[in-house]
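J.: In the numbering used here, the protein residues as written are 245 to 625. Let me begin by handing over the structure; questions about it come next.
Written out as structure tokens, the structure is:
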């Protein structure tokens, strides 16, 4: 078996490549750039980098005249796709991330490859519906996905043989939007259980953390409102991640209520989890949210919404809680329970760590390889 993997970003591509290489199947990894801390274990001779689309996309993004004419991310991704097709030759499986592969998958298909599109997020139309509704609630205009970008997403789904998708919410959204279930390969992403480890807290502050974009999409405003109404003594809310510009007007209403830590390098996140009492992620929609698995591996209970894909690995009432979207009262109830019940909080954190030990990148890799073998068998019959 020979596999070519192609992606114009990082995502979890190196995790896939390591697994495929260890099995002796990796022919080539085509990627925008090599991150030294992420690329360990992948033979550099098998990596083909294509950095120029990123530079071109940034140029378009920073040039007002160009930015008004074209979608900068569309330019970047299409350019990567076209350039990547030069390095696509005969293979058994062409595994490409969504929106980076329409032209290259067509070339691979002509040479007899089975095409797998990778998507970790919900169906783009489901995303649009949920986020448009949320933005309208706050009188904000949601910038819809460019029509050409949406059309390319959908065309890739149509032309691919299979779609590898995060199990649960994201997979369900695909079926709801009419993608045939037999075309879907649901997977559960992994976590590095050796990087994210429990450690004793150095203070007695009840610290709630959110990791990810500070935005309407992540439901940050519902957590802010819940925290405001609770007004807990010796408690702190820490927001970690970039702030969505559209969210600043909402965030300004809660000044003084939270600590903003800014964007934190991934290598520093273990320390942030070890300072926390729990992680809360009440997203309106979230394909998987690897921060949930990272927090659990760090020994934290989690409170997440029903639209977070990582609910697949969270046992409600055991490792934390799963609440409806847009439910301030539910957030208040669960946060207050953990605030008032330290033994229960610690017990849930320990259970979360034990639970996530089975969701390693090695297990994820075995799942991917099993799909490779099964689709090749199916296509050969």
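A virtual CB, placed ideally from N, CA and C, is assigned to each residue, including glycine. A quick note: this is a predicted structure, and the numbers were derived from the prediction, not measured.
Just how far apart, CA to CA, sit residue 473 and residue 545?
T.: 21 Å
J.: Just to confirm my understanding: we take residue 345, look at its own chain, exclude 5 residues before and 5 after, and list those with CB closer than 7 Å. What are they?
T.: 250, 325, 361, 400
J.: Which stretch, first to last residue, makes up the alpha helix (DSSP H) that contains residue 593?
T.: 586-600
J.: So, at 7 Å on beta carbons, what are the nonlocal neighbours of residue 332 in its own chain, with the 5 sequence-adjacent residues on each side left out?
T.: 248, 338, 348, 351, 352
J.: Please report the straight-line C-alpha distance between residue 569 and residue 287, rounded to a whole angstrom.
T.: A direct Cα-to-Cα measurement between residue 569 and residue 287 gives close to 43 Å.
J.: Can you find at least 3 beta carbon pairs, one from the stretch 524-533 and one from the stretch 541-556, that sit closer than 8 Å?
T.: yes
J.: Per DSSP, residue 451 is paired with what?
T.: 480
J.: Just tell me which of 466, 370, 277 has its CA closest to the CA of residue 382.
T.: 466
J.: Extract the residue ranges of the alpha helix (DSSP H) inside the stretch 305-374, only unbroken runs of 4 or more that lie entirely within it.
T.: 308-313, 316-328, 346-354
J.: Quick check: the stretch 592-606 against the stretch 479-496, are there 3 or more CB pairs under 8 Å?
T.: no
J.: Residues in its own chain within less than 8 Å of residue 375 by CB, not counting five upstream and five downstream?
T.: 386, 460, 461, 528, 529
J.: What is the DSSP secondary structure of residue 618, reduced to helix, strand or coil?
T.: helix
J.: Below 7 Å CB to CB, which residues in the same chain sit around residue 412 once its five sequence neighbours on both sides are set aside?
T.: 553, 555, 556
J.: Can you tell me the Cα-Cα spacing of residue 433 and residue 538, whole angstroms?
T.: About 11 Å.
J.: Mind checking who residue 540 pairs with in its DSSP beta bridge?
T.: Bridge partners of residue 540: none, in fact.
J.: Counting only the same chain and skipping the five closest in sequence on each side, list residues whose C-beta sits under 7 Å from that of residue 366.
T.: Excluding residues within five positions, the ones whose Cβ falls inside 7 Å are 413, 414, 417, 529, 531.
J.: Residues in its own chain within less than 7 Å of residue 295 by CB, not counting five upstream and five downstream?
T.: 276, 277
J.: So, helix, strand or coil for residue 274, using DSSP?
T.: Reduced to three states, the DSSP call for residue 274 is strand.
J.: Since residue 431 sits in a beta bridge, which residues does DSSP pair it with?
T.: 410
J.: Give the DSSP-derived three-state secondary structure of residue 300 in the structure shown.
T.: Helix, per DSSP.
J.: Helix, strand or coil for residue 249, going by three-state DSSP, please let me know.
T.: strand
J.: Could you tell me whether the stretch 393-409 touches the stretch 574-593, where touching means 3 or more Cβ pairs closer than 8 Å?
T.: no
J.: Under 7 Å from any heavy atom of the ligand ZN, does the C-beta of residue 615 make it?
T.: The ligand content of the structure shown is nil, which means the ligand ZN is not present either.
J.: Taking its Cβ as the centre, do 16 or more other Cβ atoms sit within 10 Å of residue 299, making it buried, or is it exposed?
T.: Taking a 10 Å sphere around the C-beta of residue 299, we find fewer than 16 other C-beta atoms and assign the residue as exposed.
J.: Going by CA-CA distance only, name the one from 436, 510, 608, 359 that's closest to residue 623.
T.: 359
J.: Considering only the alpha carbon of each residue, which of 586, 457, 503 lies closest to residue 533?
T.: 457
J.: Please name the residue in 421, 479, 272 whose C-alpha comes closest to that of residue 369.
T.: 421
J.: Confirm, please, whether the CB-CB distance from residue 599 to residue 540 is below 8 Å.
T.: yes
J.: Return the bridge partner residues of residue 504 from the DSSP annotation.
T.: 483
J.: Taking Cβ to Cβ, would you say residue 340 is nearer than 8 Å to residue 611?
T.: Cβ distance not < 8 Å, so residue 340 and residue 611 don't count as in contact.
J.: When we look at the beta-carbon of residue 263 and count the other beta-carbons within 10 Å, is it buried (16 or more) or exposed?
T.: buried
J.: What did DSSP end up calling residue 264 once you bin it into helix, strand or coil?
T.: helix
J.: Is residue 595 closer than 8 Å to residue 562 when the C-beta atoms are compared?
T.: yes
J.: Select from 484, 491, 488, 500 the residue whose C-alpha is nearest the C-alpha of residue 506.
T.: 484
J.: Could you name the residues that DSSP lists as bridge partners for residue 549?
T.: 567
J.: Note down, in chain order, each residue of its chain lying with its Cβ closer than 6 Å to the Cβ of residue 443, except the 5 sequence neighbours on either side.
T.: Only 518 meet the Cβ criterion.
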